[in-house]
Amino acid sequence: DPKIIQKPKYLVAVTGSEKILICEQYLGHNAMYWYRQSAKKPLEFMFSYSYQKLMDNQTASSRFQPQSSKKNHLDLQITALKPDDSATYFCASSQPGLEDTQYFGPGTRLLVL
Amino acid sequence: QQQVRQSPQSLTVWEGETAILNCSYEDSTFNYFPWYQQFPGEGPALLISIRSVSDKKEDGRFTIFFNKREKKLSLHITDSQPGDSATYFCAASASNNRIFFGDGTQLVVKP
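Here the protein sequences line up with chains A and B, keeping their order. Residues in the first sequence are numbered from 2 upward in steps of one, following our numbering. Residues in the second sequence are numbered from 223 upward in steps of one, following our numbering.
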């Protein structure tokens with residue numbers, strides 16, 4: 002059974018719209034993260050949450066907003082979508098005390114037209 | 223400035239050979255270096271990792287060699303198998319929650 006679930010697997014959106022990427026982890030971890038992987042750049046750290054609180058934000062744009070409704074959930078809301086937002090978005094998690102040992106989900110591949 | 227660099231960009235070896243993937247980094251505060259393996263359409267999977275207090279870490283056919291003075295490390299895959307064909311990412315962290323990734327090395331193992 003998959004331990005980190007990301008939904009949907011593929012997502013097509015129009016410029017200017019809003020989408021929510023879902024992430025749930027069943028590893029019992031308390032820290033969760035979002036990364037982005039695009040054709041132009043290596044895997045980039047975006048956000049980290051610990052115990053449902055924002056710990057680090059490396060995303061310049063406020064159009065990207067993480068949402069944590071439960072300890073094992075960290076969704077990513079993206080507003081006013083742009084074609085440059087097209088990328089694969091990965092959710093990851095880690096256990097307390099081992100924040101640098103992160104496990105990744107399968108990703109959501111977003112295409113903005 | 224990219225924090226982690228990898229070479230070569232792509233590598234082809236024959237089955238049974240040893241593949242050597244190289245990595246270098248900039249930030250001397252980095253003290254944890256995981257390698258991730260990624261297959262097409264999947265997320266990166268943690269393969270093996272090393273902390274800066276060690277100079278070698280072995281796990282089966284996978285070995286990391288680490289040179290702190292030169293800020294370099296390498297991943298050796300011995301007895302390469304076609305199933306090892308994937309993209310390998312070197313990454314680095316400074317004991318916080320942020321991991322920096324290299325651009326990856328695409329490995330092809332020919333049978």
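Built from N, CA and C at the ideal position, the CB exists for glycine as well. Note that the coordinates shown come from a computational prediction; the quantities given were computed from them, not determined experimentally.
Contacts around residue i, its chain only, beta-carbon distance under 7 Å, and the 5 residues preceding and following it disregarded
i	result
B:Leu269	Trp257, Tyr258, Gln259, Phe284
B:Arg273	Asn253, Tyr254
A:Met56	Ser49, Tyr50
Buried/exposed call for residue i, threshold 16 Cβ in 10 Å
i	result
B:Phe261	exposed
A:Ile79	buried
A:Asn73	buried
B:Glu264	exposed
B:Trp236	exposed
A:Pro43	buried
A:Leu82	buried
Neighbourhood of residue i by C-beta distance below 6 Å, restricted to the same chain and skipping five residues each side
i	result
A:Met107	As written in the sequence, residue 107 of chain A is Pro, which differs from the Met given in the question. These residues qualify, in order along the chain: Gln7.
B:Lys294	Ser246
B:Phe288	Ile272, Asp277, Leu295
Residue range of the unbroken beta strand (DSSP E) whose run includes residue i
i	result
A:Pro9	Here A:Pro9 belongs to no beta strand (DSSP E), and DSSP marks it neither H nor E.
B:His298	294-299
A:Asp57	54-58
Own chain, CB closer than 8 Å to residue i, minus 5 neighbours either side, in chain order
i	result
B:Ser307	Leu329, Val330, Val331
Local conformation of residue i per DSSP, three classes
i	result
B:Asp249	coil
A:Pro84	helix
B:Pro304	helix
B:Phe261	coil
B:Lys278	strand
A:Pro43	coil
Whole-Å CB distance - residue i paired with residue j, under 8 Å assumed
i	j	result
A:Ala32	A:Val113	That pair is no contact at about 29 Å.
B:Ser317	A:Asp85	About 32 Å; that fails the 8 Å criterion.
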